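In the working numbering, the protein residues as written are 17 to 251.
Heads up, the beta-carbon is just placed ideally off N, CA and C, and yes, glycines get one too.
All values reported here derive from a predicted model rather than from experimental measurement.
Report on the following structure.
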Ligand code: B1M
């Protein structure tokens, strides 16, 4: 009698190209155990951690991000994909740290004072990590002092602010204005997001950009960091 597990795909039997395609599919479907297994197989075949990260995991999450942006995937699926990605990242992180592979950028992110919503922020943090950023998540209900302490400690490229309430979103301006008062505003790319915000609000509080969702946050972060580095290189 055929065992029900006979039909399961043995990832070890796939060649590298097929295994990478499978990783993209498994990420898309939020299959954490398979991602962990494939990550270990690729490393076992002599792939460098950075190559596994970029070709397997980051590329897979890029596809997830595109379909999330286009309304093909929804929040629960993206959370599952991000969770699966984390499984692979847990294996790769110490290897990448050993080799000193630089993240493509660093972000401090937190929900503003008075606001305890964190599902969207967590999703942004996970997608940013998936895209190769180092993310320092300072949690919820953050007064401006918490943001200041975090940027002083971690020196990020990006400060991300999240708010879900119409009563807390104005606090983003307090944070940006405090950065200005302290002469720190131009040291950081400030990105804001949250369901009640829009482009106009982002401009009004003095952010560099409003991000409609986690996919947009990743793309915006990448392009603003690249633009900033090009400007610095030209000076
Ligand atoms: Co609250 N809540 N809630 N809530 N809650 C809303 C936001 C609300 C719209 C519900 C409603 O009335 N229809 C309403 C706000 C109304 C308003 O302000 N006009 C509301 C309210 C009123 C409240 C309380 C005041 C209720 C009460 O106690 N009377 C209270 C406030 C507590 C507080 O914060 N002080 C409250 C509490 C809660 C729970 C604790 C029960 C829970 C939060 C659990 C948690 O987060 N751990 C909760 C929830 C779950 C919601 C809803 C249902 C869902 C929010 C969510 O997680 N969405 C929400 C109604 C709704 O939005 N449908 C609601 C999914 C998430 C993935 O989307 O957060 O928008 P979102 O994030 C997106 C983008 O916005 C963007 O990317 C994310 C991913 O694509 N984004 C960023 C977000 N942050 C970003 C940061 C960036 C970039 C992009 O930085 C770079």
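Can you tell me whether residue i is buried or exposed, with buried defined as 16 or more other CB within 10 angstroms of its CB?
i, result
"residue 82", "exposed"
"residue 153", "buried"
"residue 61", "exposed"
"residue 249", "exposed"
"residue 90", "exposed"
"residue 247", "exposed"
Could you name the residues that DSSP lists as bridge partners for residue i?
i, result
"residue 226", "208"
"residue 177", "126 and 208"
How is residue i classed by DSSP in three states: helix, strand or coil?
i, result
"residue 152", "strand"
"residue 158", "strand"
"residue 48", "helix"
"residue 24", "coil"
"residue 147", "coil"
"residue 17", "Only weak support exists for where residue 17 lies, its pLDDT of 41 falling under 50; the value from the coordinates is given anyway. Looking at residue 17 - three-state DSSP - the assignment turns out to be coil, as it is neither helix nor strand."
"residue 238", "helix"
"residue 92", "helix"
"residue 192", "helix"
"residue 117", "coil"
"residue 37", "helix"
"residue 249", "helix"
"residue 77", "helix"
Please say whether residue j and residue i have beta carbons closer to each other than 9 Å?
i, j, result
"residue 50", "residue 37", "no"
"residue 105", "residue 139", "no"
"residue 201", "residue 222", "yes"
"residue 176", "residue 209", "yes"
"residue 143", "residue 230", "yes"
"residue 66", "residue 27", "no"
"residue 196", "residue 220", "no"
"residue 235", "residue 226", "no"
"residue 3", "residue 238", "Beyond the ends of the chain as shown, which are 17 and 251, falls residue 3; an answer cannot be given."
"residue 16", "residue 180", "What is shown of the chain runs 17 to 251, which leaves residue 16 out entirely."
"residue 64", "residue 115", "yes"
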